[in-house]
Amino acid sequence: MTQIEQWLREEGREQGRAEGRAEGREEGRLETARNALTKGLSAEDVAEITGLSLETVRRLKTEFLI
Numbered sequence: 001m002t003q004i005e006q007w008l009r010e011e012g013r014e015q016g017r018a019e020g021r022a023e024g025r026e027e028g029r030l031e032t033a034r035n036a037l038t039k040g041l042s043a044e045d046v047a048e049i050t051g052l053s054l055e056t057v058r059r060l061k062t063e064f065l066i
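Quick note: the sequence shown uses full-length UniProt numbering, first residue 1, plus one each step.
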C-alpha cells in the first residue's frame, strides 16, 4: 500500500469517527430534550437548554405524546 493510500484510509477513518461523535452528541441532546419534556419543562425552555430548534422540540413532544 502506498503512502497516499494509507493517508486516504486514515483520513476516511477519522472522518467516520468524527461523524459518529457528532451523531452521538445529537442523540444525547434529543434524549435530554425528551427527558426534560417528560419532567414538564416547556418546549421553549427545552429548546434553549439543549440548543435544539423549537420546531424539533415540538416535534419530539408530539411524536412521544408528552
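Think of the CB as a built atom: it goes at the ideal place given N, C-alpha and C, for glycine as much as any other residue.
Review point. For Val57, which residues from the same chain have a beta carbon less than 6 Å from its beta carbon, with the 5 sequence-adjacent residues on both sides left out?
Key: Sequence-distant partners of Val57 (beyond 5 residues in either direction) whose C-beta falls short of 6 Å from its own C-beta, in its chain, are Ala33, Ala43, Val46, Ala47.
**Study point:** For Thr2, three-class secondary structure by DSSP
**Key:** For Thr2, the secondary structure class from DSSP, reduced to helix, strand or coil, is coil.
Review point. Using CA coordinates, which residue listed in Ile66, Thr2, Glu5, Leu52 is at the minimum distance from Leu30?
Key: By alpha-carbon distance to Leu30, the top candidate from Ile66, Thr2, Glu5, Leu52 is Leu52.
Point to revise | C-alpha gap between Glu14 and Glu26, whole angstroms | key: Rounded to the nearest angstrom, the two C-alpha atoms are 18 Å apart.
Check your understanding: If we ignore side chains and look at the alpha-carbon of each, how far apart do Leu60 and Gln6 end up?
Key -> Between the alpha carbons of Leu60 and Gln6 lies a gap of roughly 42 Å.
Point to revise | Nearest-angstrom Cα separation, counted from Ala18 out to Ala36 | key: A straight line joining the alpha-carbon of Ala36 with that of Ala18 spans about 27 Å.
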